[in-house]
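K.L.:
Structure below; questions to follow.
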Amino acid sequence: MSRTLVVLGMVATLALPSATSAFPFGGRASTVLRCVYNSTIYANLGPPRGGEYIWTTATKTYQFGPPAYAGQWLLGLAGAPYYCIYRISPLTIYTGIAMTMMGSSGPAAPAPPLTTGPSPSPAPSPTPSPSPSPTPPPVPPPGTLDHLVISEVYHAVDIAHGAKPANEWIEIFNGTTATVNIGGWKIEDAIASDLIPSGTMIAPGRFVVISATSTTRSRWYIPSDAPFVSLGSSIGDGLSSSGDRVVLRNTSGAVVDAVSWGTNTTAMNPSAPVASYGNSLSRVTFSKDTNTASDWGTRPPSPGK
Numbered sequence: 185m186s187r188t189l190v191v192l193g194m195v196a197t198l199a200l201p202s203a204t205s206a207f208p209f210g211g212r213a214s215t216v217l218r219c220v221y222n223s224t225i226y227a228n229l230g231p232p233r234g235g236e237y238i239w240t241t242a243t244k245t246y247q248f249g250p251p252a253y254a255g256q257w258l259l260g261l262a263g264a265p266y267y268c269i270y271r272i273s274p275l276t277i278y279t280g281i282a283m284t285m286m287g288s289s290g291p292a293a294p295a296p297p298l299t300t301g302p303s304p305s306p307a308p309s310p311t312p313s314p315s316p317s318p319t320p321p322p323v324p325p326p327g328t329l330d331h332l333v334i335s336e337v338y339h340a341v342d343i344a345h346g347a348k349p350a351n352e353w354i355e356i357f358n359g360t361t362a363t364v365n366i367g368g369w370k371i372e373d374a375i376a377s378d379l380i381p382s383g384t385m386i387a388p389g390r391f392v393v394i395s396a397t398s399t400t401r402s403r404w405y406i407p408s409d410a411p412f413v414s415l416g417s418s419i420g421d422g423l424s425s426s427g428d429r430v431v432l433r434n435t436s437g438a439v440v441d442a443v444s445w446g447t448n449t450t451a452m453n454p455s456a457p458v459a460s461y462g463n464s465l466s467r468v469t470f471s472k473d474t475n476t477a478s479d480w481g482t483r484p485p486s487p488g489k
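Those letters in the sequence shown? Residues 185 to 489, per our numbering, in order.
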């Protein structure tokens, strides 16, 4: 059985950004018109995301949308039926997926040459400006929380990002205006607890990602300003996808924040929703913390951001 996703659009040529921008490629942009994929892959991974793509002769791949998060859908230019690649590293190809693209009856065309307008008139020499003041340390935007919270829980690990419990992770957000040392704090689930390594610091308005093993880091794009902590063992007894909890305790043993989901109602009742396969349990806002299920929703994971 197959499912079909139809996305309509027109071919467009974009002014391509530089190599340091969100698109590190060159090529022609267009839009996916139709995508067919088998129901087993749909159930496990969800539908591919349609949208603009960019072609490059170097990688022979199409990339859908800016690479804002790991695990986005890529398309290998191997010829019809243009097999879909779910993740580029490690490479996982699902040959049960085929895509039809605007103008895809033959090989993709190379990028059109860039056109330039007339040379601009020389600009007047700018007036020297005073040296800028030192950049102040980052602080949370107005209206955000004023304490540390658990901000994301990844318990429904998909095949592209490892396995349970080794590649489960949680994310903690520092909503204060000061750097906080959470070394010696504890993370616990419904059964067991883990000590956060000494010297683990979170800058104001920033995140820390805590995972069972160090292999998790290479499976995601985690910003350099978000510390990554490997516990060396499962988070608690391993996070149950049907129902569990995560509790953050400080060095005094006091509960700083907690969330429970599914069948576990020990942290909040009713509990937060269970994340579907490949998604994460995430805070829906940083403007308030009601300690209820209304603070939480599910979405594609975004560790460290």
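Using N, Cα and C, we set each Cβ at its ideal position, and we do this for glycine too. On a predicted model such as this, the values are computed, not experimentally measured, just so you know.
Whose C-alpha, out of D330, V341, F412, R403, is nearest the C-alpha of G367?
P.N.:
Your numbering for residue 367 matches position 183 in the sequence shown. Ranking the options by Cα distance to G367, first place goes to F412.
K.L.:
From W480 to F357, what does the alpha carbon distance come to, in whole angstroms?
P.N.:
Taking the first residue of the sequence shown as 1, we reach residue 480 at position 296. Taking the first residue of the sequence shown as 1, we reach residue 357 at position 173. About 14 angstroms.
K.L.:
Check whether the Cβ atoms of S455 and N463 sit closer than 7 angstroms, and answer yes or no.
P.N.:
Taking the first residue of the sequence shown as position 1, residue 455 is located at position 271. Taking the first residue of the sequence shown as position 1, residue 463 is located at position 279. For S455 and N463, no; Cβs fall outside 7 angstroms.
K.L.:
At which residue ranges does the region 389-463 contain complete beta strand (DSSP E) runs of 3 or more residues, listed in the order of the chain?
P.N.:
If we require 3 residues or more, the beta strand (DSSP E) runs fully inside the region 389-463 come out as 391-395, 412-414, 427-433, 439-446.
K.L.:
Answer with buried or exposed for T476, where buried requires no fewer than 16 other C-beta atoms within 10 angstroms of its C-beta.
P.N.:
Numbered from 1 along the sequence shown, position 292 holds the residue referred to as residue 476. Exposed.
K.L.:
What does the alpha-carbon distance come out to for the pair P381 and L415?
P.N.:
Stepping through the sequence shown from its first residue, residue 381 is reached at position 197. Stepping through the sequence shown from its first residue, residue 415 is reached at position 231. Near 8 angstroms, if we compare the C-alpha coordinates of L415 and P381.
K.L.:
What is the DSSP secondary structure of I386, counted as helix, strand or coil?
P.N.:
Position 202 of the sequence shown, counted from the first residue, corresponds to residue 386. In this structure, I386 counts as strand in the three-state DSSP scheme.
K.L.:
Taking C-alpha atoms, which residue in A347, F391, I375 lies nearest to H331?
P.N.:
Sequence index remark: in the sequence shown, residue 331 carries index 147 (1-based). Residue F391 is the option with its Cα nearest to H331.
K.L.:
Three-state secondary structure (DSSP) at I366?
P.N.:
Within the sequence shown, residue 366 is the residue found at index 182, counting from 1. Reduced to three states, the DSSP call for I366 is coil.
K.L.:
In or out: S395 buried (at least 16 other Cβ within 10 Å) or exposed?
P.N.:
If you number the sequence shown from 1, residue 395 lands on position 211. By the neighbour-count rule (16 or more Cβ atoms within 10 Å), S395 is buried.
K.L.:
Around the Cβ of A340, are there at least 16 other Cβ atoms within 10 angstroms (buried) or fewer (exposed)?
P.N.:
Taking the sequence shown and counting its residues from 1, the one referred to as residue 340 is at position 156. Buried, since its Cβ has 16 or more Cβ neighbours within 10 Å.
K.L.:
E336 and L423: beta carbons closer than 7 angstroms?
P.N.:
The residue you call residue 336 lines up with position 152 of the sequence shown. The residue you call residue 423 lines up with position 239 of the sequence shown. Not a contact, by the Cβ cut-off of 7 angstroms.
K.L.:
Note down the Cα distance separating R403 from P485, rounded to an integer number of angstroms.
P.N.:
If you number the sequence shown from 1, residue 403 lands on position 219. If you number the sequence shown from 1, residue 485 lands on position 301. If I take the Cα positions, the gap works out to 12 angstroms.
K.L.:
Taking Cβ to Cβ, would you say V443 is nearer than 7 angstroms to V458?
P.N.:
Residue 443 sits at position 259 when you count from the first residue of the sequence shown. Residue 458 sits at position 274 when you count from the first residue of the sequence shown. Result no, Cβ atoms of V443 and V458 do not sit closer than 7 angstroms.
K.L.:
List the whole-angstrom C-beta distance separating I354 from I386, where the pair is believed to meet the contact cut-off of C-beta under 8 angstroms.
P.N.:
Taking the first residue of the sequence shown as position 1, residue 354 is located at position 170. Taking the first residue of the sequence shown as position 1, residue 386 is located at position 202. About 13 angstroms; that fails the 8 angstroms criterion.
K.L.:
Secondary structure at P231, three-state DSSP: helix, strand or coil?
P.N.:
The residue labelled residue 231 in the question sits at position 47 within the sequence shown. Bear in mind that a pLDDT of 44 at P231, under 50, signals an unreliable position, so the number given afterwards is only what the model happens to contain. P231: coil per DSSP, three-state reduction.
K.L.:
Go ahead and pull the three-state DSSP assignment for S335.
P.N.:
Against the sequence shown, residue 335 aligns to sequence position 151. Strand, per DSSP.
K.L.:
Taking the straight line between their C-alpha atoms, what separation do you get for S466 and R483?
P.N.:
Here residue 466 corresponds to residue number 282 of the sequence shown, with the count starting at 1. Here residue 483 corresponds to residue number 299 of the sequence shown, with the count starting at 1. Each residue's Cα considered, the two are about 7 angstroms apart.
K.L.:
Note down the Cα distance separating L329 from G389, rounded to an integer number of angstroms.
P.N.:
Walking along the sequence shown from the start, residue 329 turns up at place 145. Walking along the sequence shown from the start, residue 389 turns up at place 205. Cα to Cα, the separation comes out at about 9 angstroms.
K.L.:
Roughly how many angstroms lie between the CA atoms of W445 and A362, to the nearest whole one?
P.N.:
The count along the sequence shown starts at 1 and reaches residue 445 at position 261. The count along the sequence shown starts at 1 and reaches residue 362 at position 178. For W445 and A362, the distance between alpha carbons rounds to 30 angstroms.
K.L.:
Taking the beta strand (DSSP E) that S377 belongs to, which residues open and close that run?
P.N.:
The residue you call residue 377 lines up with position 193 of the sequence shown. Run containing S377: 377-379, per the beta strand (DSSP E) assignment.
K.L.:
Sort L432, S425, K489 by Cα distance to D342 and report the nearest one.
P.N.:
By 1-based counting over the sequence shown, the position of residue 342 is 158. Ranking the options by Cα distance to D342, first place goes to S425.
K.L.:
Considering S356, what are the terminal residues of the beta strand (DSSP E) in which it resides?
P.N.:
On the sequence shown, position 172 is the one that residue 356 refers to. It is worth fixing the name first, because residue 356 is Ile in this sequence and not Ser. Per DSSP, I356 belongs to the beta strand (DSSP E) from 353-358.
K.L.:
Within 10 angstroms of its Cβ, does I375 collect 16 or more other Cβ (buried), or is it exposed?
P.N.:
Here residue 375 is taken as the residue at index 191 of the sequence shown, counted from 1. I375 comes out exposed.
K.L.:
Let me know if S471 comes out buried or exposed under the rule of 16 or more other beta-carbons within 10 Å of its beta-carbon.
P.N.:
The count along the sequence shown starts at 1 and reaches residue 471 at position 287. Its Cβ having fewer than 16 others within 10 Å, S471 is exposed.
K.L.:
Which residues share a DSSP beta bridge with G481?
P.N.:
The residue labelled residue 481 in the question sits at position 297 within the sequence shown. Looking at the DSSP assignment, G481 forms a beta bridge with S466.
K.L.:
Determine the closest residue to G437 out of T397, K489, I371, I419, with distance taken between C-alpha atoms.
P.N.:
As a position in the sequence shown, residue 437 is number 253, starting the count at 1. Closest by alpha carbon: I371.
K.L.:
Here's the rule I'm using: 16 or more other beta-carbon atoms within 10 Å means buried, otherwise exposed. How should V439 be labelled?
P.N.:
Taking the first residue of the sequence shown as 1, we reach residue 439 at position 255. So V439 counts as exposed.
K.L.:
Using the C-alpha atoms, what's the distance from T360 back to G346?
P.N.:
The sequence position of residue 346 within the sequence shown is 162, counting from 1. The sequence position of residue 360 within the sequence shown is 176, counting from 1. For G346 and T360, the distance between alpha carbons rounds to 33 angstroms.
K.L.:
Rounding to the nearest angstrom, what Cα-Cα distance links D428 and P349 in this structure?
P.N.:
Within the sequence shown, numbered from 1, the residue matching residue 428 stands at position 244. Within the sequence shown, numbered from 1, the residue matching residue 349 stands at position 165. About 13 angstroms.
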